[in-house]
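Notes follow once the structure below has been shown.
Protein chains: 2
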Amino acid sequence: MAETLAVEETNRLIASDRVEGTTVYNRAGEKLGSVKNFMVDKRSGKADYAVLQFGGLFGLGSDHYPIPWDMLIYDTDLGGYVVDIDKSRLENAPRYTAEHAEPAYDHVYGRQVYGYWGVPYPFI
Amino acid sequence: MAETLAVEETNRLIASDRVEGTTVYNRAGEKLGSVKNFMVDKRSGKADYAVLQFGGLFGLGSDHYPIPWDMLIYDTDLGGYVVDIDKSRLENAPRYTAEHAEPAYDHVYGRQVYGYWGVPYPFI
Numbered sequence: 001m002a003e004t005l006a007v008e009e010t011n012r013l014i015a016s017d018r019v020e021g022t023t024v025y026n027r028a029g030e031k032l033g034s035v036k037n038f039m040v041d042k043r044s045g046k047a048d049y050a051v052l053q054f055g056g057l058f059g060l061g062s063d064h065y066p067i068p069w070d071m072l073i074y075d076t077d078l079g080g081y082v083v084d085i086d087k088s089r090l091e092n093a094p095r096y097t098a099e100h101a102e103p104a105y106d107h108v109y110g111r112q113v114y115g116y117w118g119v120p121y122p123f124i
Numbered sequence: 001m002a003e004t005l006a007v008e009e010t011n012r013l014i015a016s017d018r019v020e021g022t023t024v025y026n027r028a029g030e031k032l033g034s035v036k037n038f039m040v041d042k043r044s045g046k047a048d049y050a051v052l053q054f055g056g057l058f059g060l061g062s063d064h065y066p067i068p069w070d071m072l073i074y075d076t077d078l079g080g081y082v083v084d085i086d087k088s089r090l091e092n093a094p095r096y097t098a099e100h101a102e103p104a105y106d107h108v109y110g111r112q113v114y115g116y117w118g119v120p121y122p123f124i
């Protein structure tokens, strides 16, 4: 019955809990990992970061990689998100692990993440 | 270990999966229900609606009530969201149930929902 209630997706909108867990591919169609969750501005409701998870792939463990939300492109054929990320770029990408302190997600961190991925940092 | 990775919340941001399930109160401090999920614009990343769930309260079953995202105010003391909604206003509020067809979440529906709650519909 709960199933019949859920609106998962329309042309324009997607349910937050449908985004979480969705597979992420690179442009070569290689599976990179999945969306762990995303970070939303409390006031504006704007998703600033998608947090990607690469569970054990490439020996990267379950590190969390925040990327600018706008880098996610939904591909209806693949049924997942495509990001223009080469595997090699992940090596030095901003991430947090059990060994590193959690990021503050402040503007300093934001400029670091957006800067790494070459996306203009749009927040004040 | 997964616990140590998660960034649930900062001053400005909140994790999507932290929003889901959070309790919703009215301004009198009465528990109304919880946030089921929220509907995000795929392109802009903007949360347009929070979908509230009132599990069995007031005989309302598990209906889903979409409301404009901006109506949610996070209250750190309560540890939940406060919305300026009187219980009586829920009776005729836009909602979907197992008996009703799922909404299309198009602009017609959007104007209906935002209009009901007296919030200007900001989308084209």
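If you read the protein sequences in the order shown, they are chains A and B. Just so you know, the numbering used here puts the end of the first sequence at 124, numbered straight through with nothing missing. Just so you know, the numbering used here puts the end of the second sequence at 124, numbered straight through with nothing missing. Where is the CB? At the ideal position from N, CA and C, for every residue including glycine.
By the Cβ neighbour-count rule, Ile124 (chain B) is exposed, with fewer than 16 other Cβ atoms within 10 Å of its own. B:Val113 is the residue among B:Glu102, B:Ser88, B:Val113, B:Val7 whose C-alpha sits nearest the C-alpha of Met71 (chain B).
Per the coordinates, the alpha-carbon of Leu13 (chain B) lies some 30 Å from the alpha-carbon of Val108 (chain B).
If the five residues before and after Leu78 (chain A) are omitted, its C-beta is found closer than 8 Å to the C-beta atoms of Thr23, Tyr25, Gly29, all from its own chain and listed in chain order. For the C-beta of Leu13 (chain B), the chain A residues within less than 9 Å are, from N- to C-terminus, Met39, Val40, Asp41, Lys42, Asp48, Tyr49, Tyr105. Residues of chain B with a Cβ closer than 8 Å to the Cβ of Ser34 (chain A) do not exist; the shortest Cβ-Cβ separation is about 13 Å. Excluding sequence positions up to five before and after Asp84 (chain B), its CB lies within less than 6 Å of the CB of Arg27, all in the same chain and listed in chain order. Shortest Cα-Cα distance from Trp69 (chain B) to any of B:Asp75, B:Leu52, B:Gly33, B:Thr97 involves B:Leu52. Counting only Cβ-Cβ distances below 7 Å, Asp17 (chain A) has contacts in chain B at Glu20, Asn37, in chain order.
A direct Cα-Cα distance of roughly 18 Å separates Ala50 (chain B) from Glu91 (chain B). Listed along the chain, the chain A residues whose CB falls inside 8 Å of the CB of Trp69 (chain B) are Gly45. Counting C-beta atoms within 10 angstroms of its own C-beta, Lys31 (chain B) has fewer than 16 neighbours from the protein chains shown and is therefore classed as exposed. Flagged as an interface residue toward chain B: Val7 (chain A), by a C-beta distance shorter than 8 Å.
Non-local beta-carbon contacts of Ala15 (chain A) in its own chain, meaning distances under 8 Å to residues more than five positions away in sequence, involve Ala6, Val7, Glu8, Glu9 in chain order.
Under the 8 Å criterion on CB atoms, Tyr74 (chain B) is classed as interfacial with respect to chain A.
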